[in-house]
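For reference, the structure discussed in these notes is given below.
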Amino acid sequence: NTTKILTVSCPHSICTFLLAPKIAAFQVLEPQINVHLVPSNTVLSHTDFSADLALRLSSSNSEGLEHRDIADCSYVLAYSPLVFSSDEQLLKGIYNVPFLLDDSRDINDALETLCDDLGIALSKLNITLRVNDSVPVLLNIMMGAGIGLVNKLLIRDQISEVTIKYYSETEV
Numbered sequence: 019n020t021t022k023i024l025t026v027s028c029p030h031s032i033c034t035f036l037l038a039p040k041i042a043a044f045q046v047l048e049p050q051i052n053v054h055l056v057p058s059n060t061v062l063s064h065t066d067f068s069a070d071l072a073l074r075l076s077s078s079n080s081e082g083l084e085h086r087d088i089a090d091c092s093y094v095l096a097y098s099p100l101v102f103s104s105d106e107q108l109l110k111g112i113y114n115v116p117f118l119l120d121d122s123r124d125i126n127d128a129l130e131t132l133c134d135d136l137g138i139a140l141s142k143l144n145i146t147l148r149v150n151d152s153v154p155v156l157l158n159i160m161m162g163a164g165i166g167l168v169n170k171l172l173i174r175d176q177i178s179e180v181t182i183k184y185y186s187e188t189e190v
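Throughout the sequence shown, residue numbering follows my numbering, covering 19 to 190 in sequence.
In structure tokens, the structure reads:
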């Protein structure tokens, strides 16, 4: 049996929350494939780096690369049950808690849409953290350190009454 290497380039958030937890099960099913995860929040040049597969949470297409949407990338307003016990409490206290922001273009666009849809003043949000990746945002939300707009795909395994919740009326 020859071992094959599958090199996957993806943002840290996809690596941390979607791929890494599933690698062991994949290796049992496909022992001849050795998966190399290459987490990076920048789009690596395909001329400088060879990846078999590049995953992104955006539908934007890099020129010259084949592009397929493989999942719904909607965003939801996520919060910890440690901070709010219900969606109603969230909306009442939205300006009083830290808002944690993954500062990517797609999320900023979705945040503007969310604020317009819910009548929330974007300028009044208490944005205390701006990062270029969802990992610190999600970890801080789960610890009860704030709220944030996150990709629903990233939190699907964490959604519960104990770990993380999302405002049910939002999906942008």
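Ideal Cβ placement from N, Cα and C applies to all residues, glycine included. Keep in mind it's a predicted model, so treat the numbers as computed, not measured.
Item                                                                                                                       : Value
Segment limits, alpha helix (DSSP H) that includes L108                                                                    : D105 to G111
Residue(s) in a DSSP beta bridge with E72                                                                                  : Strictly speaking, residue 72 in this sequence is Ala, with Glu absent from that position. Per DSSP, S27.
Backbone secondary structure at D135 - three-state DSSP                                                                    : helix
Residue of T34, F35, Q50 and P39 minimising C-alpha distance to L24                                                        : Q50
For T146, the nearest candidate out of A163, R123, V168 and L118 (CA to CA)                                                : L118
Chain-order list of residues whose beta-carbon lies under 8 Å from that of L100 (same chain, five-residue window excluded) : M161 and G162
Nearest neighbour of D120, chosen from Y93, G111 and F102 [CA to CA]                                                       : Y93
Contact check, V153 vs G166, beta carbons under 8 Å                                                                        : no
Between the CA atoms of S27 and V17 - distance to the nearest angstrom                                                     : Coverage of the chain is limited to positions 19 through 190, which leaves residue 17 absent and any answer about it impossible.
Cβ neighbours of I173 in the same chain (closer than 8 Å, five flanking residues each side left out)                       : F35, V94, A96, L156, I182 and Y184
Opposing strand residues paired with I177 [DSSP bridges]                                                                   : I182
Reduced DSSP secondary structure (H/G/I, E/B, other) of I145                                                               : strand
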